[in-house]
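Numbering (this note's numbering), first residue to last: 152 to 376. First the structure, in the form of structure tokens, and then the observations on it.
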Ligand SMILES: C[S@@+](CC[C@H](N)C(=O)[O-])C[C@H]1O[C@@H](n2cnc3c(N)ncnc32)[C@H](O)[C@@H]1O
């Protein structure tokens with residue numbers, strides 16, 4: 152995810168490390184996560200997202216849980232009108248500041264809790280979500296399905312998620328995504344969606360000590376019929 156300094160997701164094992172902030176509300180949790188450090192993610196686009204979306208003709212896009220805006224800024228650079236949504240005003244403030252610095256008028260952002268958010272139906276060409284996973288309450292499926300209703304006919308939903316902990320942190324506590332379950336949750340009703348991609352692909356990365364390691368990304372691409 153825009154090459155994290157460190158990841159914020161957790162995977163439930165019986166002996167998993169406990170996140171000391173897991174009892175916070177989602178707003179408090181993410182505000183603390185972003186407020187505790189000057190920058191959480193690298194600011195670069197997620198490589199897997201760029202590889203998928205780079206094939207599409209630019210139009211209008213929504214990015215769910217945009218964080219510090221790496222994907223939205225990249226989309227705007229490619230000619231998209233891209234709007235990022237995130238629960239953390241600190242993250243959104245950083246994303247807006249970066250868009251202004253780079254003069255990217257096509258990158259806009261709103262602070263919102265997506266739990267209570269209703270999109271305008273059939274209003275955009277692309278809905279993206281990169282690592283929209285959380286240690287605290289997140290009704291991910293409801294939000295993704297509702298967001299998918301914002302797609303025009305022939306529009307794409309692209310969801311890139313962690314399918315496994317990083318290779319160097321097998322006991323990393325995280326809520327991982329199984330791509331088969333993801334298809335069952337999101338490609339419904341079946342006659343509305345063409346499943347263009349549903350796969351788990353490895354991504355090379357460096358571990359915190361600089362040695363080679365790997366992430367496993369779950370990649371789902373749906374096209375509205
Ligand atoms: C793991 S981060 C991914 C950030 C970004 N997409 C990236 O790839 O760098 C998950 C993001 O989801 C956001 N988030 C979590 N729950 C949310 C909610 N209910 N509404 C909006 N954003 C939420 C968090 O603030 C965080 O920025």
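Just so you know, even glycine gets a beta-carbon here, dropped at the ideal spot from N, CA and C.
Does the beta carbon of residue 260 fall short of 7 Å from some heavy atom of ligand 1?
-> Walking along the chain shown from the start, residue 260 turns up at place 109. Flag unset: Cβ of residue 260 not near ligand 1.
Exposed or buried, what is residue 317 when buried is set at 16 or more other beta-carbons lying within 10 Å of its beta-carbon?
-> Sequence index remark: in the chain shown, residue 317 carries index 166 (1-based). By the neighbour-count criterion, in which 16 or more other beta carbons inside 10 Å mark a residue as buried, residue 317 falls on the buried side.
Using 8 Å as the threshold, is the segment 305-319 in touch with the segment 252-271, meaning 3 or more CB pairs across them?
-> no
Would residue 269 be called buried (16 or more neighbouring beta carbons within 10 Å of its own) or exposed?
-> Here residue 269 refers to the residue found at position 118 of the chain shown. By the 10 Å Cβ count, residue 269 comes out exposed.
Look at residue 227 and residue 233 and say whether their C-beta atoms are less than 8 Å apart.
-> Walking along the chain shown from the start, residue 227 turns up at place 76. Walking along the chain shown from the start, residue 233 turns up at place 82. Yes.
Which residue's Cα is closest to the Cα of residue 225: 282, 204 and 236?
-> Indexing the chain shown from 1 puts residue 225 at position 74. Checked all of 282, 204 and 236; the closest Cα to residue 225 is 204.
By Cβ distance, which residues of its chain are closer than 8 Å to residue 331, with the 5 residues on each side in sequence left out?
-> Counting from 1 along the chain shown, the entry for residue 331 is found at position 180. Taken in chain order, the residues that qualify are 349.
Straight-line gap, residue 182 to residue 339 (C-alpha atoms, nearest Å) | In the chain shown, residue 182 corresponds to position 31, counting from 1. In the chain shown, residue 339 corresponds to position 188, counting from 1. Taking the straight line from one Cα to the other gives about 33 Å.
Is the Cβ-Cβ distance between residue 279 and residue 222 less than 8 Å?
-> As a working note, residue 279 is residue 128 in the chain shown. As a working note, residue 222 is residue 71 in the chain shown. Here residue 279 is near residue 222, since their CB atoms are less than 8 Å apart.
Can residue 188 and residue 238 be called in contact, C-beta distance under 8 Å?
-> Counting from one through the chain shown, the residue named residue 188 turns up at place 37. Counting from one through the chain shown, the residue named residue 238 turns up at place 87. The answer is no: Cβ separation not under 8 Å.
In chain order, what residues of the same chain have a beta carbon less than 7 Å from the beta carbon of residue 201, not counting five sequence neighbours either side?
-> The residue labelled residue 201 in the question sits at position 50 within the chain shown. Excluding sequence neighbours, residue 201 sits near 225.
Taking DSSP as the reference, what is the three-state secondary structure of residue 294?
-> Working through the chain shown from its first residue, we reach residue 294 at position 143. DSSP places residue 294 in helix when its eight states are reduced to three.
State buried or exposed for residue 305, treating a residue as buried only when at least 16 other CB atoms are found within 10 Å of its CB.
-> Residue mapping note: residue 305 aligns to position 154 of the chain shown, counting from 1. When all chains shown are included, residue 305 counts as exposed.
Residue 293: CB within 7 Å of a non-hydrogen atom of ligand 1 = Walking along the chain shown from the start, residue 293 turns up at place 142. No.
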